[in-house]
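In the numbering used here, the protein residues as written are 65 to 387.
We put the CB at the ideal spot given by N, CA and C, even for glycine.
First up is the structure itself, then whatever we jot down about it.
Encoded structure:
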């Protein structure tokens, strides 16, 4: 008997997940996650270690069956059509997983075979992938001789050698210098502009700003999703205060002990403090610092960074859960 697809046909939708759950014994790694990702979209998937990101990706790649829920990737059911799912995605792990003792072109040829690219199409696919990654002049180089940024480019080229509509990139710029990271993100944007969807995890908060939309995982749940600007606008119950004072180290120590302070860090010659209940927190913070003998020059509101936003959203989620 033919099993109907789990979702209505939509050629623009590459990921459609409804209420995915994954349990390992008594531990719930992913707890009722639903999301949508469309062609041409860069979707950033963020969260602390142990939040459930890797488990979620393994389910979407057809490598791990969900305990509950359903999902389609590139129109194929992740449980019943795993072979089709894998043929329509590219995957790049945070650990460099190519073969150091092969030349660049040999790695491309190997992965073209792994992904089932017909032999007659391989020369053109290798030209495309190497050109995209800027590797056309380095095809004869041994992979072991490439610097970290160039290895990441090769890993990306191997992930797109079969022209998949969806790419999963797991911490793709981990350990790469800032200039190489920027170049790599330019490549990601060029793939999205060509109509591919990119599902990317990163622990660099500045990279979150490069994504079209973001999803934040915390304790196995997707606690927020939206464009970076939308997420920043959603944290109105908190504020970032920048404090100028004569003793930044002392102010940091005092602020870290206050119950209405969510996070604090050094900022220039002063400190930056993320607070709950901003209507009253500014005066309370000023009073506490003065009471501890710290001379406060000024306290000003600052725009939250994506790191601040994620701290705030996780704090709100924990408060709602009573944790």
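Going by alpha carbons, who is nearest to residue 76 out of 315, 354, 384, 261? The sequence position of residue 76 within the chain shown is 12, counting from 1. Cα-wise, what sits closest to residue 76 is 261.
If you check the beta carbons only, do residue 248 and residue 216 fall under 8 angstroms apart? If you number the chain shown from 1, residue 248 lands on position 184. If you number the chain shown from 1, residue 216 lands on position 152. Cβ atoms of residue 248 and residue 216: closer than 8 angstroms.
Give the DSSP-derived three-state secondary structure of residue 171 in the structure shown. In the chain shown, counting from the first residue as 1, residue 171 sits at position 107. Note: residue 171 maps to helix in three-state DSSP.
Between which two residues does the alpha helix (DSSP H) carrying residue 119 extend? Taking the first residue of the chain shown as 1, we reach residue 119 at position 55. Unbroken alpha helix (DSSP H) run through residue 119: 117-124.
Would a C-beta distance cut-off of 8 angstroms place residue 306 and residue 334 closer than the cut-off? Counting from one through the chain shown, the residue named residue 306 turns up at place 242. Counting from one through the chain shown, the residue named residue 334 turns up at place 270. Against a cut-off of 8 angstroms, the Cβ pair of residue 334 and residue 306 comes out as a contact.
What did DSSP end up calling residue 132 once you bin it into helix, strand or coil? Along the chain shown, one-based indexing puts residue 132 at 68. Strand at residue 132.
In the DSSP assignment, the beta strand (DSSP E) including residue 92 goes from what residue to what residue? Position 28 of the chain shown, counted from the start, is the residue given in the question as residue 92. Its beta strand (DSSP E) spans residues 91-102.
Restricting to runs no shorter than 3 residues, where is the beta strand (DSSP E) found entirely within the region 211-257? 230-234
Would you kindly work out how many angstroms separate the C-alpha atoms of residue 162 and residue 375, rounded to a whole number? Within the chain shown, numbered from 1, the residue matching residue 162 stands at position 98. Within the chain shown, numbered from 1, the residue matching residue 375 stands at position 311. About 35 angstroms.
What is the DSSP secondary structure of residue 181, reduced to helix, strand or coil? The count along the chain shown starts at 1 and reaches residue 181 at position 117. Residue 181: coil per DSSP, three-state reduction.
Is DSSP giving residue 290 helix, strand or coil here? Numbered from 1 along the chain shown, position 226 holds the residue referred to as residue 290. Secondary structure at residue 290: strand, using DSSP grouped into helix, strand and coil.
Let me confirm a value: residue 384 is counted as buried when at least 16 other C-beta atoms fall within 10 Å, else exposed. Which label applies? For the purposes of this step, residue 384 is taken as the residue at position 320 of the chain shown. Exposed.
Spell out a yes or no on whether the region 289-301 and the region 137-147 are touching, meaning 3 or more CB-CB pairs, one atom from each, closer than 8 angstroms. Short answer: they don't touch.
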